Amino acid sequence: MNKHTRLAVGILVLVLVLLIVATVSFSINISKKSAGSQNSTFDTGTNSNGNVIVEGDDHLYGVSDAAGNLILEPEWKELHFIGSDYLSAVQENADSNCVGVLDLDGNVVAPFVYDHVEALTDSYYLAVLAENQQVVLYDHDFRAADAMVWDSSTWEKPLLTVTSGEDSFQFSLEKDILQLVQCDLARKTEKISFSVHAEKVHAGLLLPEEWSSSADQTAAFLDMVKMQDFSKLQDLTGQDHENAVLGNIAPADARVTRMDSDVYLQAEQNEAGKLILTWQIGLTLRNAENASENKTLTFKMEKNGKETWVITEAKLS
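The UniProt record's numbering applies: residue 1 is where the sequence shown begins, and numbers increase by one.
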């Protein structure tokens with residue numbers, strides 16, 4: 001190889017090395033930009049329909065469709081897709097970073113009072129209030145799915161467990177169908193405390209607020225039984241059932257010395273389709289001769305014309 005040939009080869013090798021270095025540098029820069037974008041407002045920047053979150057002036061964000069047409073003006077401090085039909089948003093001039101929810105037309109479907117909103121399934125969304133971290137469950141149309149605000153929640157797909165006070169309710173969201181599958185109720189007063197568990201078909205017969213209301217009535221009734229003070233019994237039975245209930249739960253010269261903490265509960269529908277709750281609890285009676293006797297108190301509840309739970313019958317056996 002002569003001198004001129006060696007020089008040409010050397011120049012060619014140098015050019016190849018420079019090209020390789022430039023390519024590697026470009027790849028590294030692109031990787032860094034991609035990694036950086038994972039932490040920006042573009043975390044959920046494209047939804048399943050191909051809509052894309054875009055940045056406008058002053059670092060405000062909007063949405064364009066798959067063809068690049070702007071469908072939501074860039075006027076939001078933050079935007080994130082939640083599911084295919086909604087976005088969580090932070091307003092441009094908001095004093096706080098509270099999150100609200102928009103549809104793709106820019107309509108506000110959930111107010112700007114939340115810390116964050118997440119999609120549990122294609123049809124259900126969980127929103128956490130910024131003020132107190134309480135929880136609201138929304139359906140696909142962003143209506144409160146159970147009309148309640150919960151104290152806390154735990155999501156282990158497909159089961160959502162929510163709490164309200166001492167009560168706990170578990171929903172299944174399997175196949176995007178919301179079904180109450182379990183509830184645990186607990187009440188404690190100065191005189192009594194009890195807990196009760198319902199699951200599967202029993203739990204699904206009532207709404208959570210109905211379960212809680214029936215437990216409140218039960219606690220008030222058991223307080224009366226423990227104290228043998230039935231002066232306000234009509235508040236729980238209504239006028240129609242007061243005498244029948246009182247005649248079976250007020251044995252002469254006896255007092256209740258013990259009540260079980262576990263209550264048995266059964267929910268069923270009668271032939272007319274009316275829901276009946278049957279409660280049972282063990283207790284001990286002591287008579288005037290100081291003799292003790294274990295008994296079972298059974299009482300039934302149903303709703304009256306005002307949709308309030310009332311005790312319709314009771315007996316000691």
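Backbone N, C-alpha and C fix where the C-beta goes; we use that ideal spot for every residue, glycine too. Since we're looking at a predicted model, the values are computed, not measured.
Using a Cβ-Cβ cut-off of 8 Å (strictly less than) and excluding sequence neighbours within five positions of residue 296, which residues of its own chain qualify? 280, 281, 282, 283, 316 and 317
Bridge partners - residue 267, DSSP secondary structure assignment: 277
key: Beta-carbon proximity of residue 263 to residue 228, cut-off 8 Å   = In this structure, residue 263 keeps its C-beta atom at 8 Å or more from the C-beta atom of residue 228.
Check: Within 10 angstroms of its Cβ, does residue 100 collect 16 or more other Cβ (buried), or is it exposed?
Finding: buried
Give me the DSSP bridge partner(s) of residue 169. 162 and 183
Open item on the list: Just verifying my parser: in three-state terms, what is the DSSP assignment at residue 243?
Closed with: helix
For the alpha helix (DSSP H) that residue 208 lies in, which residues bound it at each end? 208-227
Answer with buried or exposed for residue 167, where buried requires no fewer than 16 other C-beta atoms within 10 angstroms of its C-beta.
buried
How about residue 301 and residue 214: do their beta carbons lie closer than 8 Å? yes
- Query: Just to confirm, are residue 81 and residue 87 a CB contact at a threshold of 8 Å?
  - Reply: yes
Between the alpha carbons of residue 232 and residue 225, how many angstroms are there, rounded?
11 Å
Self-check item: C-alpha distance - residue 187 paired with residue 45, whole-angstrom precision
Solution: 47 Å
**Study point:** Residue range of the unbroken alpha helix (DSSP H) whose run includes residue 204
**Key:** 200-204
Next on the checklist: Measuring only the C-alpha atoms, how far is residue 153 from residue 247?
Outcome noted: 44 Å
Classify residue 83: buried if its beta carbon has 16 or more other beta carbons within 10 angstroms, exposed otherwise.
buried
Review point. Is it right to say residue 177 is buried, meaning 16 or more other beta carbons lie within 10 angstroms of its own, or is it exposed?
Key: Burial is judged here by how many other beta carbons sit within 10 angstroms of a residue's own beta carbon; residue 177 has fewer than 16 and is exposed.
Cβ of residue 138 within 8 Å of Cβ of residue 130? no
Whether residue 104 touches residue 51 by CB criterion (8 Å): yes
Do the CB positions of residue 133 and residue 115 come within less than 8 Å of each other? yes
query = For residue 318, which of helix, strand or coil comes out of DSSP?
reply = Summary: the structure shown does not reach residue 318, with the chain confined to residues 1 through 317, and so no result is reported for it.
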